[in-house]
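Here's the structure, in structure tokens; my notes come after.
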Amino acid sequence: MRGEQTVRLYVMRLGHDDPSKCTAMKLKKGGFVSFSVSRNRGILLDPFAPTAFSPADRGTVLEEGLAAVDASWKVIEKGFLKVRWSSAKRRALPVLVAANPTNYGKPYNLSTAEALAAALHIAGLKEDAARLMEEFRWGPGFLKLNRDYLAAYSSAKSSAEVVAAQGRILGCKA
51 MRGEQTVRLY VMRLGHDDPS KCTAMKLKKG GFVSFSVSRN RGILLDPFAP
101 TAFSPADRGT VLEEGLAAVD ASWKVIEKGF LKVRWSSAKR RALPVLVAAN
151 PTNYGKPYNL STAEALAAAL HIAGLKEDAA RLMEEFRWGP GFLKLNRDYL
201 AAYSSAKSSA EVVAAQGRIL GCKA
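Note that the numbering used here has the sequence shown beginning at 51, numbered continuously upward.
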């Protein structure tokens with residue numbers, strides 16, 4: 051499977067969650083991700099980043115890779131304070147709804163696998179996103195549940211346009 055991937059995927063695993071429910075562990079076993087993260091390589095998905103992930107990040111993702119931090123949502127803020135990564139390469143995902151069994155229906159509370167797949171989809175790497183989600187019973191449901199949101203974000207040209215699309219989705223006036 052790894053040979054078919056377009057992008058190098060990295061995970062910084064902080065070990066806060068139940069290993070039996072850890073989507074990053076399953077992706078590693080399947081050869082999709084590496085736990086050996088080269089600091090400051092690629093885009094780091096960070097829910098506290100001031101810049102939204104957008105299709106404009108595709109070049110960096112293809113050249114340098116995509117990284118996520120695997121941590122419990124209960125301690126996520128403390129976890130990200132420990133991560134050393136260039137602030138210029140941190141990106142927040144726009145609002146999406148979790149389909150994983152632990153956080154089903156909750157906005158923003160994505161699993162590591164959902165976050166990586168969402169970023170790949172937004173960057174125009176839809177086949178890679180689908181392959182990641184096929185590893186989980188509920189995975190294709192994530193893409194289906196967020197189909198309209200992902201389409202809106204994928205058609206944006208910049209971070210600002212992703213934020214504007216998110217505002218429309220949330221019913222906010224710009």
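Where a beta carbon is used, it is the ideal one built from N, C-alpha and C, also for glycine.
Values in this document were obtained by computation on a predicted structure and should not be read as measured data.
Where residue i falls, given that 16 or more other Cβ within 10 Å makes a residue buried
i: Ala210; result: exposed
i: Cys72; result: buried
i: Ala149; result: buried
i: Asp198; result: exposed
i: Phe85; result: exposed
Nearest neighbour of residue i, chosen from the options [CA to CA]
i: Arg63; options: Arg140, Ala163, Val111; result: Ala163
i: Leu59; options: Asp198, Cys222, Glu184, Ala179; result: Ala179
i: Val147; options: Gly189, Asp107, Cys222, Phe98; result: Gly189
i: Arg140; options: Ser205, Tyr154, Gly115; result: Gly115
i: Tyr158; options: Val145, Leu166, Asp198; result: Val145
i: Leu200; options: Lys156, Ile219, Ala74, Val119; result: Ile219
Residues bridged to residue i [DSSP beta-bridge criterion]
i: Arg63; result: Asp120
i: Ser84; result: Tyr60
i: Pro157; result: Val147
i: Leu94; result: Ala117, Arg140
i: Ala102; result: Ala142
Nearest-angstrom beta carbon gap, residue j and residue i [assumed within contact, 8 Å]
i: Leu143; j: Ala117; result: So it is not a contact: roughly 13 Å between Cβ atoms.
i: Phe98; j: Leu182; result: Incorrect: roughly 23 Å between the Cβ atoms, too far for contact.
i: Ala102; j: Val213; result: 5 Å
i: Ile172; j: Ser204; result: 5 Å
Any C-beta of chain B under 9 Å from that of residue i
i: Arg63; result: The displayed structure is made up of one protein chain only, and chain B is not part of it.
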